[in-house]
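Inspection log for the structure reproduced underneath, given as C-alpha cells.
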Amino acid sequence: MHRATPLPLSLAVFSAAFFAEALPAQEAQTQPSAAAEGSVMKPRFLPGKIYTFAAETGVALAGPGEDVSAAARRFVMNHESRFLTANRDGGEPGVRVTASTEKLVLEINAGAKQVRYDSSDPATKDSALAMHFEGATRRSVVMDLDPDGKVVGSTEVGGGGPATPLPGLPQFGPDQLKQLVVSVLQGFPKDRVAPGQEWTQKGKRSLGELGEIDFEINYRYVRDEAHENADCALIEYTGGIKGDVAVTGVQPGAGQGKMGFEGRQMTGRFYFDKALGIPRFSEQTLNVNASVPNPDRLQSGTIQVPMRQRIVIKLLSLRDA
5 MHRATPLPLS LAVFSAAFFA EALPAQEAQT QPSAAAEGSV MKPRFLPGKI
55 YTFAAETGVA LAGPGEDVSA AARRFVMNHE SRFLTANRDG GEPGVRVTAS
105 TEKLVLEINA GAKQVRYDSS DPATKDSALA MHFEGATRRS VVMDLDPDGK
155 VVGSTEVGGG GPATPLPGLP QFGPDQLKQL VVSVLQGFPK DRVAPGQEWT
205 QKGKRSLGEL GEIDFEINYR YVRDEAHENA DCALIEYTGG IKGDVAVTGV
255 QPGAGQGKMG FEGRQMTGRF YFDKALGIPR FSEQTLNVNA SVPNPDRLQS
305 GTIQVPMRQR IVIKLLSLRD A
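Residue numbers 5 to 325, in the working numbering, belong to the letters of the sequence shown in order.
So, in C-alpha cells, the structure goes:
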C-alpha cells in the first residue's frame, strides 16, 4: 500500500530549509541592461544594531492527479530570527553578526495526520517532529562578514537538549541561520542601476549535506516606492532552479534517496530600503515538479510530486543594541 505520510513531511521540511535561505556556492552576474546613471544598491548590516526578521514559508504538495492549488497536504513554517551586529575584532573591516532563533512555529497537514510545533508552547512539544526541531532554539551562529557581505568566518554557539529522534532529517539550525543572513544581502548588481534596468545572476547554491542546485534569476529595478514610510527600490524577479538533493524519511528506517526537481516558474519581489541598506519586505513563489523516491519500500522507481512554495520575509524591527 502507498504510504503517504513520510513523503510530505520530508519534502516540506526540505522546502523550508532550502527556499528560505539558499547560500550561493558560486555566482556569475551579467551587467545591468542599458546605460543610466542610477545608484549603487549596496546591502549591508550596520554594526551596533539588533535586526528582527519574520519569515513565513508555505508549501503545498499535490498527490497523483491533484491540482497543487487545491492540495490538502500543506506545510507552514513561521520563523522569527534575531541578528545582533557589532564591529569585527581587531578593527577588521566588515561586521560581526550573531544570528539566533527567537521563535519557531511549524504546522503540517499530511492528510490523515496533522502536526503542530510552537517553540513557545510546551503543549506542542510531545511529537517526534517537535523534539527534532526543539534544539533549533538553543543554537546560534556568530559570523564575520567582509565589506562585500561574504562570510570569512563563523562559529556555532549553544546546543544541548535531547538527541533528535529523526536523525538525517534537515533541522533549522546554525547552517540555516547562516544562509538566512547571507540571503538578505543577495540579488544586487555591483554596478549602478536606475529604474527600468535589468540584470541576471546564475550559478550554483549549496544546500549543505542535502546537495546543491543550479539557478538563474533575472532581476528588474521597477521603480522607487515608499514602503512602511521608507524610501525603497522595488525589485522584481523571475527565474528557475534545477538539481538533485538527498531526502530522508521522517520515520526510523525510512531510508534515504535522491530527489530530482525542476522549477521554472519562480516569481518574486522585494523592497530595498535605500537608507538602511537592507530589504524591508520580500516575497517569492515557486512551482516545482519533484521526482521523489517511492515511499513504499516494496516498490522501486520514483513518483512525480508537484509542489508550490511561497515565502514572505519581513523586517519587524531595527534598534540599537
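Even glycine gets a Cβ: it sits at the ideal position worked out from N, Cα and C.
It is roughly 10 Å from the alpha-carbon of L65 to the alpha-carbon of Q308. Between I245 and V226, the beta carbon gap of about 23 Å keeps them out of contact (Cβ cut-off 8 Å). Its chain contains V119 as the residues whose beta carbon lies nearer than 6 Å to that of S131, once the 5 sequence neighbours on both sides are disregarded; these appear in chain order. A distance below 6 Å between beta-carbons, with the five flanking residues on each side excluded, links L110 to the following residues of its chain, in chain order: M81 and Y121. A distance below 6 Å between beta-carbons, with the five flanking residues on each side excluded, links G162 to the following residues of its chain, in chain order: R142, R143 and S144.
Judged by beta-carbon spacing, Q201 lies beyond the 8 Å limit of G52, meaning their Cβ atoms are not closer than that value. The beta-carbon separation of R100 and M147, rounded to 7 Å, stays under the 8 Å limit for a contact. Nearest to G95 by alpha-carbon distance, out of P151, R48 and H83, is P151.
CA-CA distance, L290 to N222, rounds to 14 Å. CA-to-CA, the gap between A294 and I217 works out to about 13 Å.
With a cutoff of 8 Å on beta-carbon distance, S85 and S104 are scored as near each other. Scanning its chain for C-beta atoms nearer than 7 Å, with the 5 sequence neighbours on each side dropped, one finds around K107 the residues E84, S123 and S124, in chain order.
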